[in-house]
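Residue numbers (our numbering): 3 to 100. Cβ atoms here follow ideal geometry from the backbone N, Cα and C, with glycine treated the same way.
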(Lines of atoms letter the chains of each structure in order from A; the text may use other names.)
(Lines give C-alpha, C1' and ligand atoms only; values in the text may rest on other atoms or scores of the structure.)
Protein backbone atom coordinates (compact mmCIF):
# COMPACT_ATOMS: atom_id res chain seq x y z
CA UNK A 3 0.00 0.00 0.00
CA UNK A 4 1.11 3.52 -0.63
CA UNK A 5 1.00 6.20 2.08
CA UNK A 6 2.71 9.41 3.09
CA UNK A 7 5.52 9.45 5.67
CA UNK A 8 6.84 12.43 7.60
CA UNK A 9 10.57 13.02 8.08
CA UNK A 10 11.17 13.14 11.83
CA UNK A 11 14.99 13.29 11.84
CA UNK A 12 17.99 13.71 9.56
CA UNK A 13 21.27 12.12 10.63
CA UNK A 14 24.74 12.24 9.13
CA UNK A 15 26.86 9.22 8.26
CA UNK A 16 30.10 9.03 6.30
CA UNK A 17 28.24 8.40 3.02
CA UNK A 18 25.69 11.24 3.44
CA UNK A 19 22.40 11.93 5.19
CA UNK A 20 20.02 9.31 6.59
CA UNK A 21 16.32 10.11 6.98
CA UNK A 22 14.09 8.75 9.72
CA UNK A 23 10.56 8.58 8.31
CA UNK A 24 7.39 7.93 10.31
CA UNK A 25 4.11 6.64 8.89
CA UNK A 26 0.94 5.17 10.37
CA UNK A 27 -0.75 2.20 8.68
CA UNK A 28 -4.57 2.23 8.97
CA UNK A 29 -5.58 0.76 12.32
CA UNK A 30 -1.98 0.32 13.43
CA UNK A 31 0.59 2.14 15.52
CA UNK A 32 3.01 4.67 14.03
CA UNK A 33 6.08 3.04 12.49
CA UNK A 34 9.50 4.40 11.69
CA UNK A 35 11.76 3.62 8.76
CA UNK A 36 15.31 4.74 8.00
CA UNK A 37 16.30 5.45 4.42
CA UNK A 38 19.50 6.71 2.84
CA UNK A 39 22.24 7.64 2.58
CA UNK A 40 21.59 10.70 0.43
CA UNK A 41 24.10 13.24 -0.79
CA UNK A 42 21.14 15.62 -1.23
CA UNK A 43 18.22 14.51 1.00
CA UNK A 44 14.85 14.85 -0.79
CA UNK A 45 13.21 16.34 2.36
CA UNK A 46 14.15 17.94 5.65
CA UNK A 47 12.58 17.40 9.09
CA UNK A 48 8.82 17.91 8.79
CA UNK A 49 8.77 17.19 5.05
CA UNK A 50 6.77 14.33 3.55
CA UNK A 51 7.65 11.46 1.22
CA UNK A 52 5.51 8.69 -0.25
CA UNK A 53 6.33 5.19 0.98
CA UNK A 54 5.07 1.75 -0.04
CA UNK A 55 4.54 -0.96 2.58
CA UNK A 56 3.15 -4.47 2.79
CA UNK A 57 -0.16 -4.36 4.74
CA UNK A 58 0.51 -7.85 6.08
CA UNK A 59 4.01 -6.84 7.23
CA UNK A 60 3.88 -3.04 7.75
CA UNK A 61 7.48 -3.02 9.00
CA UNK A 62 8.60 -3.76 5.42
CA UNK A 63 8.77 -0.37 3.72
CA UNK A 64 10.31 1.02 0.56
CA UNK A 65 10.29 4.26 -1.36
CA UNK A 66 8.37 3.91 -4.65
CA UNK A 67 11.41 4.88 -6.73
CA UNK A 68 13.46 2.16 -5.05
CA UNK A 69 11.10 -0.63 -6.10
CA UNK A 70 12.43 -2.61 -9.02
CA UNK A 71 10.48 -1.75 -12.16
CA UNK A 72 9.63 -5.43 -12.59
CA UNK A 73 7.89 -5.34 -9.19
CA UNK A 74 5.56 -2.58 -10.35
CA UNK A 75 4.72 -4.53 -13.49
CA UNK A 76 4.16 -7.66 -11.46
CA UNK A 77 1.66 -5.89 -9.18
CA UNK A 78 -0.27 -4.56 -12.18
CA UNK A 79 -0.22 -7.96 -13.87
CA UNK A 80 -1.46 -9.67 -10.70
CA UNK A 81 -4.32 -7.16 -10.36
CA UNK A 82 -5.39 -7.69 -13.98
CA UNK A 83 -5.13 -11.47 -13.65
CA UNK A 84 -7.19 -11.39 -10.44
CA UNK A 85 -9.91 -9.31 -12.08
CA UNK A 86 -10.05 -11.65 -15.09
CA UNK A 87 -10.17 -14.69 -12.83
CA UNK A 88 -13.00 -13.19 -10.79
CA UNK A 89 -14.91 -12.36 -13.99
CA UNK A 90 -14.46 -15.93 -15.23
CA UNK A 91 -15.67 -17.43 -11.95
CA UNK A 92 -18.75 -15.18 -11.90
CA UNK A 93 -19.61 -16.14 -15.51
CA UNK A 94 -19.14 -19.83 -14.72
CA UNK A 95 -21.34 -19.68 -11.61
CA UNK A 96 -24.10 -17.76 -13.42
CA UNK A 97 -23.96 -20.26 -16.32
CA UNK A 98 -24.21 -23.26 -13.97
CA UNK A 99 -26.95 -21.79 -11.77
CA UNK A 100 -28.73 -20.58 -14.86
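Check	Outcome
By alpha-carbon positions, which one of 13, 63 and 21 ends up nearest to residue 5?	63
Residue 33 and residue 40 - do their beta-carbons sit closer together than 8 Å?	no
Say whether the stretch 7-17 touches the stretch 45-58, bearing in mind that this needs 3 or more beta-carbon pairs closer than 8 Å, one atom from each stretch.	yes
At 3 residues or longer, and completely inside the stretch 18-92: list those beta strand (DSSP E) runs for me, N to C.	18-25, 33-40, 50-56 and 59-64
Apart from the five residues on each side of it in sequence, which residues of its chain come closer than 8 Å, Cβ to Cβ, to residue 27?	3, 5, 33, 55, 57 and 60
From the DSSP output, which residues share a beta bridge with residue 5?	53
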